[in-house]
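Chains A and B are the protein sequences, given in the same order.
Per the numbering used here, the first sequence starts with residue 1, numbered consecutively.
Per the numbering used here, the second sequence starts with residue 106, numbered consecutively.
By construction, the Cβ of each residue, glycine as well, lies at the ideal position given by its N, Cα and C atoms.
Presented below is the structure to which this report refers.
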Amino acid sequence: MQKKRRSRTQKSKGEENKRKLKEKVAELLELPKEVVMDLPKITMFGDRNLLVENYKGIIEYDDNKIRINTGKGIIKVTGEKLVIKEITQEDLMIDGDIDTLEFLK
Amino acid sequence: MLLFRLWNYIRGYVIIVVEGYFLEKFVNICTRRQILLFDISRQKNSKMTLKVSIKGFRMLRPIAKKTGCRVRILKKHGLPFLINRYRGRKTFLLGAALFVVLFYIMTSFVWTIEITGNEKIETQLIIEKLASMGVKPGVLKYRINSEKVADRIIMDVNGLSYVSVVVRGTKVKVEVAEGVDVPPMVPLSEPCDIVAGKDGVIKSIVVKAGQAAVKEGDTVKKGQILVSGNVPIKNMENNPRMVHAIGNILARTWYESTQPVELRVVEKIRTGRKKDNISLFLFSKKINLFNKKVSYSNYERVETEKFLSIGENLVLPFGAVIETYYENQIIEADVSLEEAKENAANAAYRKALEDIPEGAQIVDRRIEFIENQNGDIIADVIIECLEDIGVKKEIER
């Protein structure tokens with residue numbers, strides 16, 4: 001039991017180190033972070049448009065709530081009359097009255 | 106965004122309704138299979154509308170089956186569908202193709218020639234010169250070598266200092282600039298004389314180089330040597346020194362002009378009655394349309410041309426010419442002698458002024474009225490000027 005637990009913490013610690021190393025490398029080489037670290041790049045134009053690049057998939061879509069799976073966890077967008085303007089493998093553009101943007105951790 | 110829409114229109118897209126319980130899954134699978142979806146909006150809990158390209162739509166069926174969704178086409182948009190609709194209509198397509206071809210052919214000819222910048226030289230003269238070089242309405246515009254034409258025009262037409270020929274659309278734009286006749290320059294290293302450019306009486310003479318040949322108060326004829334570049338040296342009469350003569354020679358010059366004094370003044374007044382004659386222009390051929398003879402004994406003719414054109418430069422070879430005839434009434438009136446004299450004097454003065462070059466200073470003006478044998482009175486205007494009459498002339502050896 002004890003052993004198992006230790007190995008888990010070790011593993012997460014190893015991942016933590018790996019992540020930090022990646023970030024350092026990305027900063028050093030000036031590479032786009034969202035590619036190297038597999039993070040979503042989120043761009044907002046006021047409260048009308050939301051562009052999520054490098055996302056993984058849609059979990060839930062409704063006209064007042066969208067949940068998107070990304071490398072950083074789940075992003076929840078709430079608002080009114082939400083429309084997916086464009087969707088490709090990498091990019092997702094949302095149009096509508098956006099109220100909140102939440103990272104579900 | 107407009108470009109994106111236009112692209113979508115050209116490629117064609119369909120608006121579809123997807124019904125089912127795993128709509129998110131449906132969208133995810135679509136994106137993973139590289140199908141571009143846009144304008145997705147959720148209608149109800151189990152229904153959404155979206156737009157997808159024609160190519161993408163063909164790939165949807167297996168996905169719909171997999172996720173248990175039903176796909177229904179709501180509307181078809183775009184060029185491919187439009188073309189499909191007209192596929193059976195051969196004449197229509199032929200007409201459209203013919204239109205494009207004809208339009209191309211029509212716009213590859215020159216239909217109008219525009220000449221700008223000329224003041225003294227007649228536009229007609231330049232147009233004739235252009236025509237003799239093959240630049241005229243109805244000529245293929247690709248055959249025109251603008252640079253060559255411009256070079257030829259500047260050589261052939263006297264008094265032009267600059268010519269540019271540009272073919273724009275169906276219009277040939279010729280821009281010219283008139284130069285002032287400049288006497289041939291004598292380089293400073295060459296010996297020269299200064300001769301009189303016109304008749305006059307010397308007012309003052311200032312010589313900077315050379316030998317003065319005239320003195321103040323002398324009357325000189327045109328072409329007479331004023332300052333000689335031939336400077337004799339004592340004891341060496343056979344071998345004089347040759348210099349480039351420089352000097353300012355101010356002389357009194359006179360300009361004269363006459364104008365008969367007319368006691369009868371003929372004036373033309375439009376009566377207000379007019380007649381329009383319309384003719385059509387087709388490929389530089391004139392076609393008259395119901396032209397009636399003009400019954401007015403005295404008339405003025407005003408011609409206005411109107412051409413069909415797209416924008417400013419793409420003038421098409423169709424147009425109309427409207428000839429408007431205004432009836433004139435001729436009114437003859439007698440004027441008093443004083444008034445007639447004044448009119449004649451003014452006219453003569455204006456005529457004389459045309460000959461006076463720039464830079465000449467008007468010193469005096471005289472008006473005389475002379476009666477000739479026939480009993481007509483003639484106004485004679487003499488303007489006295491002060492001007493530099495010196496012109497350099499190379500010494501021939």
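Start-to-end residues for the beta strand (DSSP E) that takes in residue i
| i | result |
| --- | --- |
| residue 470 of chain B | 466–476 |
| residue 404 of chain B | 404–415 |
| residue 321 of chain B | Segment: none, residue 321 of chain B is in no beta strand (DSSP E) and carries neither H nor E. |
| residue 423 of chain B | 419–439 |
| residue 56 of chain A | 55–61 |
| residue 177 of chain B | 175–182 |
| residue 103 of chain A | 91–104 |
| residue 45 of chain A | 41–45 |
| residue 221 of chain B | 217–221 |
Under the three-state DSSP convention, the category residue i falls into
| i | result |
| --- | --- |
| residue 388 of chain B | coil |
| residue 25 of chain A | helix |
| residue 209 of chain B | helix |
| residue 32 of chain A | coil |
| residue 366 of chain B | coil |
| residue 117 of chain A | Here chain A comprises residues numbered 1 to 105, so residue 117 of chain A is not present and cannot be evaluated. |
| residue 73 of chain A | strand |
| residue 204 of chain B | helix |
| residue 373 of chain B | strand |
| residue 147 of chain B | strand |
| residue 67 of chain A | strand |
| residue 214 of chain B | strand |
| residue 273 of chain B | strand |
| residue 278 of chain B | strand |
| residue 307 of chain B | strand |
| residue 313 of chain B | strand |
| residue 283 of chain B | strand |
| residue 17 of chain A | helix |
| residue 247 of chain B | helix |
| residue 293 of chain B | coil |
Buried/exposed call for residue i, threshold 16 Cβ in 10 Å
| i | result |
| --- | --- |
| residue 47 of chain A | exposed |
| residue 376 of chain B | exposed |
| residue 102 of chain A | exposed |
| residue 275 of chain B | buried |
| residue 90 of chain A | exposed |
| residue 217 of chain B | buried |
| residue 25 of chain A | exposed |
| residue 271 of chain B | exposed |
| residue 147 of chain B | buried |
| residue 478 of chain B | exposed |
| residue 191 of chain B | exposed |
| residue 1 of chain A | Confidence is the limiting factor: at residue 1 of chain A the pLDDT is only 45, short of 50, which leaves the residue's position unreliable and the question unanswerable from this model. |
| residue 236 of chain B | exposed |
| residue 161 of chain B | buried |
| residue 267 of chain B | exposed |
| residue 374 of chain B | exposed |
| residue 441 of chain B | exposed |
| residue 294 of chain B | exposed |
| residue 31 of chain A | exposed |
Range of the contiguous alpha helix (DSSP H) that encloses residue i
| i | result |
| --- | --- |
| residue 449 of chain B | 442–460 |
| residue 256 of chain B | 251–261 |
| residue 111 of chain B | 107–116 |
| residue 237 of chain B | 228–237 |
| residue 501 of chain B | From DSSP, residue 501 of chain B is part of no alpha helix (DSSP H); its letter is neither H nor E. |
| residue 350 of chain B | That residue, residue 350 of chain B, is in no alpha helix (DSSP H); it is neither H nor E in DSSP. |
| residue 161 of chain B | 159–163 |
| residue 134 of chain B | 128–137 |
Whole-Å CB distance - residue i paired with residue j, under 8 Å assumed
| i | j | result |
| --- | --- | --- |
| residue 315 of chain B | residue 351 of chain B | 7 Å |
| residue 81 of chain A | residue 39 of chain A | About 28 Å; that fails the 8 Å criterion. |
| residue 283 of chain B | residue 225 of chain B | 6 Å |
| residue 494 of chain B | residue 467 of chain B | Actually they are not in contact, since the Cβ atoms of residue 494 of chain B and residue 467 of chain B sit about 15 Å apart, beyond 8 Å. |
| residue 132 of chain B | residue 58 of chain A | 5 Å |
| residue 307 of chain B | residue 325 of chain B | 6 Å |
| residue 296 of chain B | residue 332 of chain B | Going by Cβ atoms, the distance from residue 296 of chain B to residue 332 of chain B rounds to 12 Å, so no, they are not a contact pair. |
Strand pairing of residue i, partner residues [DSSP]
| i | result |
| --- | --- |
| residue 359 of chain B | B:489 |
| residue 381 of chain B | B:429 |
| residue 122 of chain B | B:154, B:177 |
| residue 300 of chain B | B:330, B:496 |
| residue 483 of chain B | B:365, B:475 |
| residue 224 of chain B | DSSP output for residue 224 of chain B lists no bridge partner at all. |
| residue 346 of chain B | B:336 |
| residue 325 of chain B | B:305 |
| residue 188 of chain B | In the DSSP output, where bridge partners are listed per residue, residue 188 of chain B has none listed. |
| residue 52 of chain A | A:42, A:92 |
| residue 267 of chain B | B:282 |
| residue 141 of chain B | In DSSP, residue 141 of chain B forms no bridge with anything. |
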